[in-house]
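Scroll down for the structure; my scribbles are underneath it.
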Amino acid sequence: MSHALTAKLNPQQAAAVELPAEHALILAGAGSGKTSVLTTRIAWLLSTGQISPSGLLAVTFTNKSAKEMLSRITAMLPLNPRGLWVGTFHGLCNRMLRLHHRDAGLPEAFAILDQSEQLGAIKRVLKFLGLDDDKYPPRAVQNYINGHKENGRRAGDVDAFDDYSRQLRLAYEEYEKQCNREGVADFSELLLRCYELLSHKPEIRQHYQQRFAHVLVDEFQDTNRLQYAWLKLLAGNNSAIFAVGDDDQSIYAFRGANVGNMVDFQTDFAVKHVIRLEQNYRSHGNILDAANAVISHNTQRLGKELWTQASAGEPIRVFEGASDFEEAQFIVEEAQTLIRDGMASSEIAILYRSNAQSRIIEHALFSAGVPYRVYGGLRFFERQEIKHALAYLRLIANPSDDNAFLRVVNFPTRGIGLKSVEAIVDRARLEGCSLWQAACAGASGRGAAALAKFVHMIEAMRNQADGLAMTDIVTMMLDLSGLLTHYQNDKEGEERVANLEELINAAATFISEDENNLIAFLSHASLEAGDHQAGAHEDALQLMTVHAAKGLEFHAVFLSGLEEGLFPHENSANDRLGLEEERRLMYVAITRARQRLYLSLAQSRMLHGQTRYGVASRFLDEIPQELLKYLNRGYAPSSYSSAAYVPPVASPKKTTPEHGLSIGMKVEHPKFGIGIVTDHEGGATGNVQVNFAQFGSKWLAVAYAKLKPV
Ligand code: ATP
Ligand code: MG
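Numbering of the sequence shown is given in full-length UniProt numbering, commencing with residue 1 and proceeding in unit increments.
Laid out in structure tokens, this is it:
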């Protein structure tokens, strides 16, 4: 039996599969069969009767790869996958906590908070403590709490050295109390709580240590400190840990992953067997040569080389578009050709460095009617910040859109509490009117002033939007609503800001025959967000970030946006360690391809709301030029290397002069003509009410209205 399982493997792989029950590290490059060896070892251990299905635990990084692993095992052996402890760190910890919820101090049906629910819970804590959102941005507090949890520290273990850090610690403490009271656990809590369960309850720890004779870990290079400690505890002295990983594919340092774990593992566990696999079975020669060449520029490596028996295969194709639009067009047309020639869509992946890049590709796919699926992230128009922005636009277009109203009435927070919103809902129901109308009628109590300000703001946007180009409407809305500032102030908000800026780009390229631009744009957005998503079983092109592609493979891979500042990302390009992490990411990207690899870039790209002229990524230079085939315009490599990095031009900051408008003043508006100022609020960034001779009373945004005193 064992023979049949290992027959297809090479001698090193077979040796790894059949290692004795001792700690082992398989340190090997991409596509060398690490995951295959790990799953085959599980099948081998089971089929040779060395362990029963309940006697092993295998952990991997994503749900997708856990599923993949289970299906590979059940393809080799007839087993009920439910009995197997195979899953992600979170999934396995959750399972253990459910079984021992009482010992873990959790209710039986404890709920798991996702990231946004956790944020909501933290906001409540901050409010309860009277901590100001500006000084203690909830997202920053969330990072603070999660960061400590991932390092195994409870609030009581955290050092505080000044008033600010004492308040943060207090927030953490209060958050812990609130979660316990409500019986909920966030993602990092699952791991920490499970770790504590094992360390505080010897009988439970011993039970699992005895039970799991084998603990197997895929993608070991990306484990963080707490995960490593958890594994250590679980293994004890009885289990053998079988870890597989590739230091060159460590891409989660920014989330606390620690390649050092691979080195520590060898000493902590006195690992006897370190096996290197050097033959790559995934990619054709040219692809592999490119990957090897790129990664050889890194200095922080444990060192290994990959070779393949496969032929050189096709050259790596390089396409340089005049614009990002042309680049996306090329990708979609080329992918369609591959599909027409018989390649399954699901064997084609389009990869990008940052989520915001997907929008233009999604648009091209959508226009061509090609089904696609986005992994490890939401489709552009379904992202939270985009939905908020669209809700403002919908309110501008149609004030009685109650859903839009509810979504943004207090987002970003502006002091309109739940009570006030409930009062509006009740009133609307009573009077059979829209929430907007109910809100216009005013409110009583604490939220009244804030509500009036919100109403005026939306009115100001609506008055301003009339006749404006779509991009200007979006820009104004992002500014006046405070959405952009909200995400700019958010430590974690960088990607959301990029997405919002991408929305401006979407508006800039939006052309409609419709008279009402805004309504046409909104229906375009809801259509693209809607049902064009491929069904679960439908064959579809695969879109994802390079991070999400880890461990996966495809016949054809399109790697887009190979420009300096984008990939390598501008945040990392200037420090050596950051650059090495970007390069590992590039290595991961290249090695996803089996037969065909396309690298593409655009000479100009709409980014951060303006056109930026990109320079080819240094990673293109690091690939030997004889492996590349330039598809268009005969670009020679020298045109890349001579170019220097041009940082993107910063968006001009609007400076708003003090408006100097006072009640009773006579002013002129470019569209509405002459009027008298009757009210104002919020200073230069606020609104002003003007009674126009011809158009009646209107609220306008001071910063946009271009009012001239006359
Ligand atoms: P990554 O580093 O990207 O996670 P990996 O080292 O886990 O890659 P696998 O995904 O296990 O590599 O294997 C890559 C491909 O090579 C798979 O398609 C697998 O089926 C194939 N493969 C692995 N070993 C062999 C072998 N001995 N003979 C033929 N094909 C193999
Ligand atoms: Mg793998």
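Quick reminder that beta carbons are idealized off the backbone N, C-alpha and C, glycines included.
Which residues bound the alpha helix (DSSP H) around Y704?
-> Looking at the DSSP string, the run of the alpha helix (DSSP H) that includes Y704 is 702-705.
Leaving out five residues before and five after A160 in sequence, what residues of the same chain have Cβ atoms less than 6 Å from its Cβ?
-> Cβ neighbours of A160 beyond the five flanking positions: R166, R169.
Could you say which of R594, R612, E492 lies nearest to S311 if we only look at CA atoms?
-> Of the listed residues, the one whose Cα sits closest to S311 is R594.
Hey, could you find the ends of the beta strand (DSSP E) V557 is sitting in?
-> In the DSSP assignment, V557 falls within the unbroken beta strand (DSSP E) covering 554-559.
Span separating the alpha-carbon of Y613 from that of E564 = Taking the straight line from one Cα to the other gives about 10 Å.
What does a CB cutoff of less than 7 Å around A448 pick up in its chain, not counting 5 residues either side in sequence?
-> Cβ neighbours of A448 beyond the five flanking positions: G442.
In this structure, does DSSP put D679 in helix, strand or coil?
-> If DSSP states are grouped into helix, strand and coil, D679 belongs with the strands.
Could you check how far apart the C-beta atoms of N258 and L627 are, in whole angstroms? I think they sit under 8 Å.
-> That belief does not hold up - the Cβ atoms of N258 and L627 are roughly 33 Å apart, past 8 Å.
What's the C-alpha gap between N398 and F405?
-> Linking N398 to F405 through their CA atoms gives a straight-line distance of about 10 Å.
Please go through the segment 199-245 and give each complete alpha helix (DSSP H) segment of 4 or more residues, from N-terminal end onward.
-> Taking only runs of at least 4 residues, the alpha helix (DSSP H) segments lying wholly in the segment 199-245 are 202-211, 225-235.
Closer than 7 Å: residues whose CB approaches a heavy atom of the ligand MG = This criterion selects K34, T35, D218, E219, G551.
Quick one: is the Cβ of E553 within less than 7 Å of any heavy atom of the ligand ATP?
-> If you check the C-beta of E553 against the ligand ATP, you find a heavy atom less than 7 Å away.
Span separating the alpha-carbon of V702 from that of G683 | Rounded to the nearest whole angstrom, the C-alpha separation of V702 and G683 is 8 Å.
Report the three-state DSSP secondary structure of E278 (helix, strand or coil).
-> Coil.
Tell me whether the beta-carbon of W699 lies closer than 8 Å to the beta-carbon of N691.
-> For W699 and N691, no; Cβs fall outside 8 Å.
Can you find a heavy atom of the ligand ATP that lies under 7 Å from the Cβ of T60?
-> Not so, every heavy atom of the ligand ATP lies at least 7 Å from the Cβ.
Cβ of R596 within 7 Å of any heavy atom in the ligand GTP?
-> Ligands in the displayed structure: the ligand ATP and the ligand MG; the ligand GTP is not one of them.
At what residues does the alpha helix (DSSP H) containing E327 begin and finish?
-> In the DSSP annotation of this structure, the continuous segment of the alpha helix (DSSP H) that includes E327 starts and ends at 324-340.
Inter-residue spacing [alpha-carbon to alpha-carbon] between K304 and N489 | Those two C-alpha atoms are separated by around 43 Å.
Alpha-carbon spacing of A15 relative to F619, whole angstroms = Approximately 36 Å, taken between the alpha carbons.
Taking Q437 as the reference, give the member of G445, T40, D426 with the closest Cα.
-> Here the closest residue by C-alpha is D426.
From what residue to what residue does the beta strand (DSSP E) around W307 run?
-> W307 -> no beta strand (DSSP E), and no H or E assigned at all.
Along the chain, where does the beta strand (DSSP E) that runs through M544 open and close?
-> Residues 541-545.
Count the other CB atoms within 10 Å of the CB of A364; is the residue buried (16 or more) or exposed (fewer)?
-> A364 is buried by the Cβ-count criterion.
Which residues DSSP lists as bridging K123, in chain order | Per DSSP, none; premise fails for K123.
Separation of L478 from F220, as counted between CA atoms = Near 42 Å, if we compare the C-alpha coordinates of L478 and F220.
Count the other CB atoms within 10 Å of the CB of V617; is the residue buried (16 or more) or exposed (fewer)?
-> Strictly speaking, residue 617 in this sequence is Ser, with Val absent from that position. So S617 counts as buried.
Skipping 5 residues on each side, what residues in its chain have a beta carbon closer than 8 Å to that of K491?
-> P137, R139, A140, N143, listed in sequence order.
Roughly how many whole angstroms lie between the Cα atoms of R340 and A349?
-> R340 and A349: Cα-Cα distance of roughly 16 Å.
Taking G87 as part of the beta strand (DSSP E), name the residues at either end of that continuous run.
-> Note, G87: beta strand (DSSP E), 85-88.
beta-carbon N10 near the ligand ATP non-hydrogen atom, thresh 7 Å | Indeed, a heavy atom of the ligand ATP lies less than 7 Å from the Cβ.
Check whether the Cβ atoms of M262 and D248 lie closer than 8 Å to each other.
-> The answer is no: Cβ separation not under 8 Å.
Buried/exposed call for G535, threshold 16 Cβ in 10 Å = Because the pLDDT of G535 is 47, which lies under 50, any placement of that residue in the model is unreliable, and the number read from its coordinates should be weighed accordingly. It is exposed - the Cβ of G535 has fewer than 16 other Cβ atoms within 10 Å.
When the Cα of G152 is compared with those of K177, S188, R276, R301, which residue comes out closest?
-> With distances taken between Cα atoms, G152 lies closest to S188.
First and last residue of the uninterrupted beta strand (DSSP E) at N692 | Looking at the sequence itself, residue 692 is Phe, so the reference to Asn does not match. Per DSSP, F692 belongs to the beta strand (DSSP E) from 687-692.
Paired residues, beta bridge with E431 - DSSP = BP columns for E431 are empty, so no partner.
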